[in-house]
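Chains as they are written, first to last, in the numbering used here: chain A, 47 to 809; chain B, 2 to 247.
To keep things clear, I will list the structure first and then write my remarks on it.
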């Protein structure tokens, strides 16, 4: 098609797309108007007698002649295309070749990068075409860029693809050269440090186009890819958690595979996975790390036959298993079985310390689980320091008037500012029945206190009866509600749970609320939320709208640990989400070696007010024990955080250590310490998301004024890249008057006039 | 129109005064979400003297129902417990429904002739977290019979005498002396025994050479000194508060 176009119009479509059309013989408007009028008159005069007397089609005759004469006039005005082009061999063209592992992936018989090697070989017509126009600079890049020698081409061994870094290197090397453009050969699977915004601004300012040549298939098929593993960063030992593994499925829809979880050389999980008919699958893997330390889990989806790429079937995840000072405060308004059995359920959990304040009678309290005689001696904490020393709060059947208004504000801030976990239990004096309407506690809870308007008049805010528990889909997957391995076992276990005997009626759910369980009774139509949570500020708030979960203990065999597991998991989940006064984290937990790692830290005083002027000592500790300082600067973002970057130079597990100090009054004070862990890997990331990123490559070219090429049309590149509008370009004029299409058109007009003339009775 | 206004206001008054749904309906006394005083009917040897106002009744029934009625009145008055004076019931020891009530009261266990079904049910009850108060028995023979029964239920451990430093004597009232005067002549000094599990949690208490239920039964009559009745209530309340907190 393009050849036909070039024959008819003398030049390729590219020239028309890029060039500016103009007439070299430019006439003033009045002269042009006179000429056009003269032509129209000349075309009309010979046929003036025909019009009106013969058929109505007679107008074609003067029209065809007018068009012919106007065409002649247009050709005499020398129509032309003007293009900006670079003077031959006066400019440098950088050929930037992706040398990363993903370019070595075999897409068929050879590596996807081999066609690029063939193009760049000395003596190839393609390269010669470029050398006629440019001085070539051949560079390879992965994590870093370097010149390619003639005797050593790309080897596809780089562990990372840093396109922005490579472009920056090219610009730096050619700061004093006339750089006519950059040709980037890549699959576009960039996993570098980013920074495109800056480099694009630089390229645009210098008017240097980046032409991209995409290699590799747009879709890897058939292929299974493990795209993501989601796991908490920190966990208390023996806490059950769920690893959420996302798979991309291409061509294996409906098949079965197995998902393995490895810890070191030990296979700790191996579960069957039925691949869906969609392109994405989410697999949930329950994990319960037993001992403390840094756990590195390797998740692997077992390859199926003929898989296009097996290296993308696994990913790692890092989990820090450590003890936390897990103090939980439980306030209960009256002696009741729920209190006893919750205490009993967590008494065997050495990672949870439940300190309770039970009002046994008016102004009479019983404290349990306390270590110091002074703890809670004056009742419910009245200072932020005392309350915020807990990581979670459980409020039982205790009416709102138990708390002073400042104490309720502290409860709200406990969740909002301190990031603690809050749980309100059902009972005759909690939720609406405890008159929490319009209090700061209502603000943090995931449900509104005012009941629905459609509530039956006979309904009460606190009801006694009998209703079954039913988990929602979210509840079935929630780590706190896992009572058995696997979804089927868990579902059955919950179906067998004894009925509950009481529940609280509340209003609508808040917009961010997630319902994990409902209470249902078909006989009296009960269908109310039982377990709901929401994020509130930095923390979590949960409503558990019953006071009879103790029946799950007393009405099941004593060997059954459902009740213990449930309460231990719920409370661990609450405390696990709680924040420490000094928190440090990295953006991700897996990085490539040499990649930039963004570090963020937050520092709070004992009342959990953000500290802006802390002296931070942050250190990166490498696997070999080398320590490198990290500079952290305060930023007002997100309420005040400290930010900095570091770069792992070794492969393996790295620790970011942070100590925060400050001055209170005239005295130095320590705010505490924190750490974060991440894994620096080489290579594996290259195989993930390794298909050709056409959109990205197109975008990069478009933003810089270049063009995107596939290997199919890369042959046009040598000619096209010289037409560039830059500081070094000169105009080139292409005449259009002698296009074959012009003469064909004029001949067709003459022929039309003659044929019509004959048909209408001309001699 | 103005003539009808007073009538309209009168009709609308209930609506204007309405304050929304009730917090809670009055529960049935035996609703299991309320605290229930559960007396156990066990398999026993003989009937004996001891029913309310002097009747021949089975030993498990001694002091029934006035003991529990009076106790519940005092218990709900003094503590924040949710119950009613009528929230008491009797269950067989081999009845699986005992699991709905995590504290039980057993009278005259000296006459207890335990069956295999009772053994299994009570053992399971204790292992799940239940608590039992044994009351109203005396003399070496009855003690031997009682401990033989309990040995079958919980062979891992036996009853041990409690001292005033045990939490059960401090969870509501601080009971600093166990020198209690029994309500009637008994063959020895009242003693308090406890059966604990390996974690130290009391599974059961036994008022040996004592009958605090008798004090509860007659506390509203001028048959026993008020101070002695008070003492019996103090023990009873502490037992149940312990059961509700441990």
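Backbone N, C-alpha and C define an ideal beta-carbon position, used for all residues, glycine too.
Values in this document were obtained by computation on a predicted structure and should not be read as measured data.
**Prompt:** Nearest chain B C-beta to residue 321 of chain A closer than 8 Å, yes or no?
**Reply:** no
**Message:** How far does the alpha helix (DSSP H) with residue 764 of chain A in it extend, from its first residue to its last?
**Reply:** 763-766
**Request:** Step through the CB atoms of chain B and report whether any lies within less than 8 Å of the CB of residue 700 of chain A.
**Result:** no
**Cutoff 8 Å; reference residue 72 of chain A; Cβ partners in own chain excluding five residues on either side** = 123
**Request:** Look at residue 230 of chain A and residue 142 of chain A and say whether their C-beta atoms are less than 8 Å apart.
**Result:** yes
**Message:** Classify residue 593 of chain A: buried if its beta carbon has 16 or more other beta carbons within 10 angstroms, exposed otherwise.
**Reply:** buried
**Request:** List the residues of chain B that residue 387 of chain A touches, going by C-beta distances under 9 Å, in chain order.
**Result:** 103, 130
**Asked** Of all the beta strand (DSSP E) runs that stay within the bounds of the stretch 105-149 of chain A, which reach a length of 3 or more residues?
**Response** 125-132, 138-144
**Item:** Positions along the stretch 368-381 of chain A whose CB lies within less than 7 Å of some CB in chain B
**Value:** 379, 380, 381
**Prompt:** Going by C-alpha distance, which of A:384, A:589, A:182, A:652 is nearest residue 430 of chain A?
**Reply:** A:652
**Request:** Pick out whichever of A:379, A:578, A:425 has its Cα sitting closest to the Cα of residue 17 of chain A.
**Result:** Not covered by the structure: residue 17 of chain A. The range shown for chain A is 47 to 809.
**Message:** Using a Cβ-Cβ cutoff of less than 6 Å, which residues in the same chain neighbour residue 2 of chain B once the five nearest sequence positions on both sides are dropped?
**Reply:** A caution first: residue 2 of chain B carries a pLDDT of 42, below 50, which makes its placement in the model too unreliable to give a value.
**Message:** Counting only C-beta atoms, is residue 637 of chain A closer than 8 Å to chain B at any point?
**Reply:** no
**Prompt:** Mind checking if residue 554 of chain A is an interface residue toward chain B, Cβ cutoff 8 Å exclusive?
**Reply:** no
**Those residues which DSSP pairs with residue 257 of chain A across a bridge** = A:229
**Message:** Within 10 Å of its beta-carbon, does residue 54 of chain B have 16 or more other beta-carbons around it, so buried, or fewer, so exposed?
**Reply:** Reliability fails at residue 54 of chain B, whose pLDDT of 48 lies under 50, so the model's placement of it is uncertain and no value is given.
**Message:** Can you check whether the C-beta of residue 75 of chain B is within less than 8 Å of a C-beta belonging to chain A?
**Reply:** no
**Request:** Might you give, ordered along the chain, the residues of its own chain that have their beta carbon closer than 6 Å to the beta carbon of residue 148 of chain A, omitting 5 neighbours on each side?
**Result:** 233, 235, 732, 736
**Prompt:** Going along chain A in order, which residues have a C-beta closer than 7 Å to the C-beta of residue 247 of chain B?
**Reply:** 386
**Prompt:** Buried or exposed: which applies to residue 790 of chain A, given that a residue is buried once 16 or more other Cβ atoms fall within 10 Å of its Cβ?
**Reply:** exposed
**Request:** Give a yes or no on whether the minimum CB-CB distance between residue 133 of chain B and chain A is below 8 Å.
**Result:** no
**Secondary structure of residue 386 of chain A, DSSP reduced to three states** = helix
**Prompt:** Counting contacts by CB-CB distance shorter than 8 Å, is residue 595 of chain A in contact with chain B?
**Reply:** no
**Message:** So if I threshold CB-CB distances at 8 Å, which residues from the stretch 81-101 of chain B count as touching chain A?
**Reply:** 81, 82, 83, 100, 101
**Request:** Measure the alpha-carbon distance for residue 52 of chain B versus residue 450 of chain A and round it to whole angstroms.
**Result:** Any reading at residue 52 of chain B needs caution, since the residue's pLDDT is 48, under 50, leaving its predicted position unreliable; the model's value is listed next. Rounded to the nearest angstrom, the two C-alpha atoms are 51 Å apart.
**Asked** Name the chain B residues that come within less than 9 Å of residue 206 of chain A, Cβ to Cβ?
**Response** By Cβ distance, chain B contributes nothing, its closest Cβ being about 55 Å from residue 206 of chain A, past 9 Å.
**Message:** Which residues in chain B have a C-beta closer than 8 Å to the C-beta of residue 526 of chain A? List them in chain order.
**Reply:** The contacting residues do not exist; residue 526 of chain A stays about 21 Å from chain B at best.
**Request:** Could you tell me which residues DSSP pairs with residue 575 of chain A in its beta bridges?
**Result:** A:564
**Prompt:** Whose C-alpha, out of A:600, A:628, A:727, A:323, is nearest the C-alpha of residue 640 of chain A?
**Reply:** A:727
**CB contact below 8 Å: residue 28 of chain B versus chain A** = yes
**Prompt:** From the beta carbon of residue 601 of chain A, is the nearest beta carbon of chain B less than 8 Å away?
**Reply:** yes
**Request:** Determine the DSSP secondary structure at residue 372 of chain A, reduced to helix, strand or coil.
**Result:** coil
**Prompt:** How is residue 56 of chain A classed by DSSP in three states: helix, strand or coil?
**Reply:** coil
**Message:** Between the alpha carbons of residue 475 of chain A and residue 128 of chain B, how many angstroms are there, rounded?
**Reply:** 30 Å
**Request:** Find the residues of chain A that neighbour residue 173 of chain B, judging by a C-beta separation of less than 9 Å, and give them in chain order.
**Result:** 381, 406, 407, 410, 412
**Message:** Among the candidates A:523, A:534, A:519, A:547, whose CA atom is the shortest distance from the CA of residue 509 of chain A?
**Reply:** A:547
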